[in-house]
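The numbers in UniProt numbering rise by one with no breaks, and the one at position 70 of the sequence shown is 70.
Glycine included, each C-beta is placed from N, C-alpha and C at the ideal position.
These notes concern the structure reproduced below.
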Amino acid sequence: MFNVFEAMKRHDEEPECHRVDVVEEVVDDVFAEETYTPPLERVLVNSIDDLEEEWEREIELCLKHLDACRVDENPKVEEDLKVKPKEEPSSSVQEKG
């Protein structure tokens with residue numbers, strides 16, 4: 001909507017440019033008010049928008065679950081290799097020999 005106070009603040013600008021801005025604003029406002037949208041069309045369009053938003057939320061949720069379940073194909077493996085102490089022969093081996 002046209003604001004007189006804003007127009008007064010910009011009095012230094014080119015008047016022709018300011019007129020174009022004002023006319024464009026008024027045309028947009030009148031067009032929005034005068035354009036008739038049948039109730040059924042409004043309901044259908046709004047329901048589709050709602051469904052698309054719901055689908056986007058579901059897709060984002062699925063992607064988060066997939067990321068959480070991701071397995072690294074090249075995991076970094078670090079092992080601490082220790083020298084195993086030499087075992088002494090058990091008494092049963094000594095008895096046989």
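It is roughly 32 Å from the alpha-carbon of N3 to the alpha-carbon of V45. Secondary structure note for D49: its alpha helix (DSSP H) is the uninterrupted segment P39 to A68.
For V30, the secondary structure class from DSSP, reduced to helix, strand or coil, is helix. Taken atom to atom, the span from the alpha-carbon of E53 to that of A32 is near 24 Å. In the three-state DSSP reduction, D21 falls in the helix class (H, G or I).
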